[in-house]
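Line order of the protein sequences matches chains Y and R. Reminder that position 11 of the first sequence reads as 11 in the UniProt record's numbering, one-by-one numbering, no gaps. Reminder that position 67 of the second sequence reads as 67 in the UniProt record's numbering, one-by-one numbering, no gaps. Every residue gets a Cβ at the ideal spot worked out from N, C-alpha and C, and that includes glycine. Structure, as structure tokens:
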Amino acid sequence: MGGTLQQRLAGGDEPLIVGATGAAAVGGDAFDSGMWPLHRAEYLGDPQNWVNDPATIVLAPKAAEDSGHVPFLIDATGLDGSVDEIVVTIDYSPFPHALTFRPGRAKPFLAFAVKYEIAGALRASARVDDGWHVGAAWVSALGGGCSAPAVAHARPDWQQGFGELRARIWADTGRLRLNLRHPQDTGLADGIPAHHLTQLRLLDAAGEVIASLDLFEPLEENPSLTFILPPELAAAPVTISAQDNLGNSFTGTVEAMA
Amino acid sequence: MNILAPTRRQLLAGAAATLLPIPAFASTSSRFGFAPVEVANGIWMIEGAREVFSRENGGAIVNIAFIETPQGAVVVDTGSNLSMGQEIRAFAEERLGGVALVVNTHHHPDHWFGNAAFDDCRIVALEETISTCTQYAQDFAESLYAILGSWMRGTNTRPGDSPMQGGEARIGGRSMRFIALSGHTQADLAILDEETGTLIAGDLLFLDRAPSLPDADFAAWNAALDELQALAPSGTVPGHGPFDRTDQALVQTRAYLTATRARLDQAAALGLSPIEAMSAGPVPEFAGLGANPEEYLRSVVQRWADHETEALPLIGGL
Numbered sequence: 001m002g003g004t005l006q007q008r009l010a011g012g013d014e015p016l017i018v019g020a021t022g023a024a025a026v027g028g029d030a031f032d033s034g035m036w037p038l039h040r041a042e043y044l045g046d047p048q049n050w051v052n053d054p055a056t057i058v059l060a061p062k063a064a065e066d067s068g069h070v071p072f073l074i075d076a077t078g079l080d081g082s083v084d085e086i087v088v089t090i091d092y093s094p095f096p097h098a099l100t101f102r103p104g105r106a107k108p109f110l111a112f113a114v115k116y117e118i119a120g121a122l123r124a125s126a127r128v129d130d131g132w133h134v135g136a137a138w139v140s141a142l143g144g145g146c147s148a149p150a151v152a153h154a155r156p157d158w159q160q161g162f163g164e165l166r167a168r169i170w171a172d173t174g175r176l177r178l179n180l181r182h183p184q185d186t187g188l189a190d191g192i193p194a195h196h197l198t199q200l201r202l203l204d205a206a207g208e209v210i211a212s213l214d215l216f217e218p219l220e221e222n223p224s225l226t227f228i229l230p231p232e233l234a235a236a237p238v239t240i241s242a243q244d245n246l247g248n249s250f251t252g253t254v255e256a257m258a
Numbered sequence: 001m002n003i004l005a006p007t008r009r010q011l012l013a014g015a016a017a018t019l020l021p022i023p024a025f026a027s028t029s030s031r032f033g034f035a036p037v038e039v040a041n042g043i044w045m046i047e048g049a050r051e052v053f054s055r056e057n058g059g060a061i062v063n064i065a066f067i068e069t070p071q072g073a074v075v076v077d078t079g080s081n082l083s084m085g086q087e088i089r090a091f092a093e094e095r096l097g098g099v100a101l102v103v104n105t106h107h108h109p110d111h112w113f114g115n116a117a118f119d120d121c122r123i124v125a126l127e128e129t130i131s132t133c134t135q136y137a138q139d140f141a142e143s144l145y146a147i148l149g150s151w152m153r154g155t156n157t158r159p160g161d162s163p164m165q166g167g168e169a170r171i172g173g174r175s176m177r178f179i180a181l182s183g184h185t186q187a188d189l190a191i192l193d194e195e196t197g198t199l200i201a202g203d204l205l206f207l208d209r210a211p212s213l214p215d216a217d218f219a220a221w222n223a224a225l226d227e228l229q230a231l232a233p234s235g236t237v238p239g240h241g242p243f244d245r246t247d248q249a250l251v252q253t254r255a256y257l258t259a260t261r262a263r264l265d266q267a268a269a270l271g272l273s274p275i276e277a278m279s280a281g282p283v284p285e286f287a288g289l290g291a292n293p294e295e296y297l298r299s300v301v302q303r304w305a306d307h308e309t310e311a312l313p314l315i316g317g318l
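Following this line, the structure appears as structure tokens:
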């Protein structure tokens, strides 16, 4: 399977978390019910040519341990053809649109985590020339992740460390993993206005875009993201550039460790 | 009613106590059917299922300890809900001469949500435990009602009312040492019964059940294990798992923490995402412990940021 690395840990050659498809991926709810048709219309432009496709793998835990940080991994590297974008939506959330990923020259592979308000499916719709290939995973969650204040606000000095960008490239696997310190406020917590990332881009040494993301409220507080780059891009410096809705910019350059 | 005269129920209970063989114990309303065992002279234990919370176990996943004194029992931890607390209390009332004192070892809800059944008793805990119980009571209640359903009926959150700091104590004529530690949570209380040398360790020690790490501080926990080791107890009631007459609980808890920490460090250093670290499952040596892989999966989410921050260099910012 694609680019997942769980086998690098002892005992990881028998993965506990595997992709599901059909009703199992959406909690027993047959596809095309609930909010999904509405989200398809709003966020995918109501396409006729879409299919549930097990080749768009969505991995998630069965249950959310922390509704503020529900980890996901999308692996569309098994799809035939070039993936132009992957639209990630959450069936039951006050903010259904979590992110849109345009892999560009990176692999169509992304690990991230979101806030969950109540149990439901997260869907990844990958657009290839001939249409949309949709994968999903259903997560049981007690919820409240979108309406709870960010943990950072429990401290009087929440701005300390704000914007810190950490990242590393592993040249052998092409992995780029980054973490950005950001409260990711949805605006639903009492008295705390929306403050979240809107965009993140990976740029090569010439300043050309490698991959880009549109980001919205559901992304977790202090988000981490995983990308996979082809060998030539992983061997060179990569600049990470992000913006939030209050006009802050965050930037840093990362290079594979020797 | 003359409050000094025994009630009919107490008389019946007293009669039953002299007739029934140990450990059979008929509670007045037995939903859980506990069978407490005397593990050392005057030290009783109810062993919890080596599982995570579920509708099947009703939250009876935690060990409860009783220290018998001439003035009643010191009840250490009270379980996950009112009915569990009531059955724990019924045993103390009917077989151990009542409740002298209730102790909560730390703030995780399986250890104190049964306080609801001890409303008229003094409930002691470390000061920080009482404040974290108060802070998280609502969140815990929501989670447990969702997971356990009707098992939670009537359970009000009632944090301890008597803050303490640890030290020597004589309760009902029996000497015991309260030891204030941390590592499993910010405040963990262990109790050494001086008469038998039995250690009631709370969740600083687990045996054959995967340790839970939502509030773990590895360095502090290791230091706490050193202190417990130095006590050289004659036997140990761990927070979860069977009574231990050797040092197995200590050895296994330390090994689990060390290996799990190393696994998460390795996962972060290899560039894995939390999903991949979860998917790989627990350290193989510990995959068969009770409550695994569920407890390991929880731990990855709970502890991931600690490990990732170390693995990723700071490269920029605002």
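- When the beta-carbon positions are compared, Arg261 (chain R) and Phe206 (chain R) stay at least 8 Å from each other.
- Chain R places a beta carbon closer than 8 Å to that of Ile17 (chain Y), counting this residue as a contact.
- Counting only runs of 3 or more residues that sit fully inside the region 124–181 of chain Y, the beta strand (DSSP E) segments are 131–139, 165–170, 175–180, in chain order.
- Here Ala291 (chain R) is not near Arg158 (chain R), since their CB atoms are 8 Å or more apart.
- Straight through space, the alpha carbons of Arg177 (chain Y) and Ala60 (chain R) are spaced by roughly 41 Å.
- Put simply, the backbone Cα of Arg153 (chain R) is about 37 Å away from that of Glu168 (chain R).
- Put simply, the region 228–239 of chain Y touches the region 198–206 of chain Y. At least three CB pairs are less than 8 Å apart.
- Pro313 (chain R) and Ala256 (chain Y) have their alpha carbons spaced roughly 11 Å apart.
- Identification of chain R residues near Val254 (chain Y) by a Cβ-Cβ cut-off of 7 Å yields Ile315, ordered along the chain.
- In this structure Asp185 (chain Y) is in contact with His196 (chain Y), their Cβ atoms being roughly 6 Å apart against a cut-off of 8 Å.
- Using a 10 angstroms sphere on the CB of Gln160 (chain Y), the tally of other CB atoms stays under 16, which defines it as exposed.
- Only exposed fits Thr258 (chain R), as fewer than 16 other CB atoms lie within 10 angstroms of its CB.
- The DSSP-derived three-state label of Met152 (chain R) is helix.
- Of all residues in the region 163–182 of chain Y, the ones placed with a Cβ closer than 9 Å to any Cβ belonging to chain R are Gly163, Glu164, Leu165, Arg166, Ala167, Arg168, Ile169, Trp170, Thr173, Arg175, Leu176, Arg177, Leu178, Asn179, Leu180, Arg181, in chain order.
- Against chain R, the beta carbon of Pro71 (chain Y) has neighbours under 7 Å at Ser273, Pro274, Ile275, Val301, listed in chain order.
- In this structure, the beta-carbon distance from Thr185 (chain R) to His108 (chain R) falls below 8 Å.
- Met35 (chain Y) sits in coil when the DSSP states are folded into three classes, being neither helix nor strand.
- Not one beta carbon of chain R lies nearer than 8 Å to the beta carbon of Ser147 (chain Y).
- The three-state reading of DSSP puts Asp226 (chain R) in helix, counting H, G and I together.
- Of all residues in the region 276–288 of chain R, those with a C-beta nearer than 8 Å to a C-beta of chain Y are Glu276, Ala277, Met278, Ser279, Ala280, Gly281, Pro282, Val283, Pro284, Ala287, reading in chain order.
- CA-to-CA, the gap between Ala64 (chain Y) and Asp306 (chain R) works out to about 19 Å.
- Chain Y places a beta carbon closer than 8 Å to that of Pro293 (chain R), counting this residue as a contact.
- Taking a C-beta cut-off of 8 Å against chain R, the contacting residues of the region 227–253 of chain Y are Ile240, Asn248, Ser249, Phe250, Thr251, Gly252, Thr253, listed in chain order.
- Among the residues facing chain Y, Ala146 (chain R) is included, as its CB has a counterpart in that chain under 8 Å away.
- The beta strand (DSSP E) runs lying completely inside the region 216–275 of chain R and spanning 3 residues or more are 235–237, given in chain order.
- Residue state for Val52 (chain R) is assigned as coil, using DSSP reduced to three classes.
- A direct Cα-to-Cα measurement between Asn81 (chain R) and Phe250 (chain Y) gives close to 47 Å.
- Shown here for Gln138 (chain R): same chain residues with a beta carbon closer than 8 Å to its own, the five before and five after excluded, namely Thr157 in chain order.
- When DSSP reads this structure, Met164 (chain R) sits in a beta bridge with R:Leu126.
- Following the DSSP letters along the chain, one finds Phe286 (chain R) in no beta strand (DSSP E), marked with neither H nor E.
- DSSP places Asn52 (chain Y) in the strand class (E or B) of the three-state scheme.
- Three or more beta-carbon pairs separated by less than 8 Å are not found between the region 41–51 of chain Y and the region 59–77 of chain Y, which leaves the two stretches without contact.
- With contact defined as three or more Cβ pairs closer than 8 Å, the region 37–55 of chain R and the region 114–131 of chain R are not in contact.
- Taking C-alpha positions only, Pro293 (chain R) is separated from Leu59 (chain Y) by approximately 17 Å.
- Remark: three or more beta-carbon pairs, one from each stretch, lie closer than 8 Å, so the region 121–138 of chain Y and the region 84–94 of chain Y are flagged as touching.
- Pro71 (chain Y) is bridged by DSSP to Y:Ala113.
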